[in-house]
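Reading through the structure tokens given below for one structure.
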């Protein structure tokens with residue numbers, strides 16, 4: 019079995035024959051959003067920062083993967099949010115992980131997909 023992207027203790031991990039190598043979207047989210055309250059005018063900046071930081075951490079691992087990272091920021095106002103994704107891939111080497119973060123005013127949902135080369 020080859021390397022695979024999965025979730026370990028709230029972080030993404032590229033698991034291989036060696037120890038898992040963690041990448042933590044919550045750190046990227048905290049770095050981008052921190053203690054800020056939801057501001058519609060800042061959402062584009064925050065989502066861009068979160069996906070770029072997470073993708074940068076993943077590529078620095080130097081593993082043979084192509085990565086896809088998505089980020090959704092939603093104001094807490096009582097509305098529901100439902101998402102779905104579907105992938106056609108090799109379950110033994112490809113993987114996905116979704117991390118949900120929240121503060122008093124918003125939710126941030128980061129999904130990362132790792133596709134083995």
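Numbering (my numbering), first residue to last: 19 to 135.
Backbone N, C-alpha and C define an ideal beta-carbon position, used for all residues, glycine too.
About 6 Å separates the beta carbon of residue 134 from that of residue 82, a gap short enough to meet the 8 Å contact definition. For a cut-off of 8 Å, the C-beta gap from residue 116 to residue 93 is around 19 Å, too long to register as a contact.
Residue 78 carries a helical assignment under DSSP once its states are collapsed to helix, strand and coil. In chain order, 72, 117 and 128 place their CB closer than 6 Å to the CB of residue 43, counting only its own chain and leaving out the 5 sequence neighbours on each side. In the displayed model, residue 97 falls within coil according to three-state DSSP, outside both helix and strand. Between residue 68 and residue 52, the alpha-carbon positions lie close to 11 Å from each other. In the DSSP assignment, residue 129 is bridged to 88 and 116. Residue 80 is classed as exposed because its beta carbon has fewer than 16 other beta carbons within 10 Å across all chains shown. The shortest CA-to-CA distance from residue 66 to any of 95, 76, 120 and 46 is the one to 46.
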